[in-house]
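Residue numbers (the working numbering): 147 to 432.
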């Protein structure tokens, strides 16, 4: 296309010089919350001593209210909203953006929150494989009336590098395991506290224990589409989520998890700092 409008970013190939704006990007971090992604860009700027952490970072996507995007040096921070559909829309435009900007050797990491299964709250899970609600490693999408199944494998060497970073930090427990991606927060995740519930506490416990036996460590709502689209586009990708509760012990989330939510930022920030030498001409941002 001569003119490619990235509608939900309020960016385009004829309205913006995308190579000049984004051609130096080497690391992309995405997450659901706009507020958290702004917090991350401030954290990474301070971690890398690249800019004043107290600086105000303009939202590159200010022309729309769908997503937010922030940048410091070769690091891009983008929100994706909640759930598979919102994440899929964002990733389509992000992948096109990286293509139009002629970016190379990009690593993309989703940072977020999740419900753990048999893990203490605060444990960070690095996803080995994204699985669906039947514990199968696949992402299904209906295209032209037909179900298309895509692979949800993530980069295992990247997962191991992140785990090693966590060991070196020695600040919180981190594990590698499968992440179950659901299409719903309530019944889709076997919660008992939604508006509707057609099963018992025993049914819930039996299901979650089966998930755990299948290698599932945590539950969230974006990993499958993220893994599938990154795999399809050849992007080196990882998912890093903190667990806010153990679902075997309850369903309700409290509002006192702000400190725990920072753990994926801390780990990914440490990883980027450790790997800054892999970025050509990194000194130009210091």
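The C-beta atom is built at its ideal place from N, Cα and C for all residues, glycine as well.
Check                                                                                                                                                                                      : Outcome
Who pairs with residue 289 in a beta bridge, going by DSSP?                                                                                                                                : 292
Are residue 272 and residue 386 touching if we call contact CB-CB under 7 angstroms?                                                                                                       : yes
Going along the chain, which unbroken runs of the beta strand (DSSP E) with 3 or more residues stay wholly within the region 233-316?                                                      : 253-262, 270-277, 284-289 and 292-297
Mind checking which residues open and close the alpha helix (DSSP H) that includes residue 182?                                                                                            : 180-193
Within its chain, find whatever has a CB closer than 6 angstroms to the CB of residue 215; leave out the 5 residues flanking it on each side and keep chain order.                         : 206, 207 and 224
Hey, out of 148, 406, 404 and 368, whose CA is closest to residue 235's CA?                                                                                                                : 368
Buried or exposed: which applies to residue 366, given that a residue is buried once 16 or more other Cβ atoms fall within 10 Å of its Cβ?                                                 : buried
Would you please state the rounded distance, in angstroms, between the beta carbons of residue 160 and residue 170? I believe it to be under 8 angstroms.                                  : The pair is not a contact, with the Cβ atoms about 21 angstroms apart (cut-off 8 angstroms).
Please report the Cβ distance between residue 269 and residue 319, rounded to the nearest whole angstrom; I am assuming they are in contact, meaning their Cβ atoms lie under 8 angstroms. : 5 angstroms
Going by beta carbon distance, what residues of the same chain come within less than 6 angstroms of residue 409, once the five residues before and after it are set aside?                 : 270, 318 and 388
Give the straight-line distance between the Cα atoms of residue 404 and residue 358, rounded to the nearest whole angstrom.                                                                : 26 angstroms
What is the residue span of the beta strand (DSSP E) that residue 392 lies within?                                                                                                         : 382-392
Can you tell me whether residue 395 is buried or exposed? The criterion is at least 16 other CB atoms within 10 Å of its CB, across all chains shown.                                      : exposed
Since residue 322 and residue 309 should fall inside the 8 angstroms C-beta cutoff, what is the C-beta to C-beta distance between them, to a whole number of angstroms?                    : 6 angstroms
Does residue 372 have its Cβ less than 7 angstroms from a Cβ in chain B?                                                                                                                   : No chain B appears in this structure, which consists of one protein chain only.
Within 10 Å of its beta-carbon, does residue 276 have 16 or more other beta-carbons around it, so buried, or fewer, so exposed?                                                            : buried
Have a look at residue 370 and residue 377 and give me their C-alpha separation to the nearest angstrom.                                                                                   : 11 angstroms
Thinking just about the alpha-carbon of each residue, which of 372, 415, 356 and 418 is nearest to the one in residue 296?                                                                 : 372
Rounded to a whole number of angstroms, what is the C-alpha to C-alpha distance between residue 229 and residue 334?                                                                       : 12 angstroms
When the Cα atoms are used, what is the spatial distance from residue 163 to residue 287?                                                                                                  : 33 angstroms
Specify, as a first and last residue, the run of the alpha helix (DSSP H) that residue 358 falls within.                                                                                   : 347-359
What does the Cβ neighbour count give for residue 402, buried or exposed, with the cut at 16 atoms within 10 Å?                                                                            : exposed
Is the separation between the beta-carbon of residue 312 and that of residue 413 shorter than 7 angstroms?                                                                                 : yes
Does residue 165 pass the burial test, meaning 16 or more other C-beta atoms within 10 Å, or should it be called exposed?                                                                  : exposed
Short of 8 angstroms in beta carbon distance, which residues of its chain neighbour residue 399, apart from the five on each side in sequence? Order them along the chain.                 : 390 and 391
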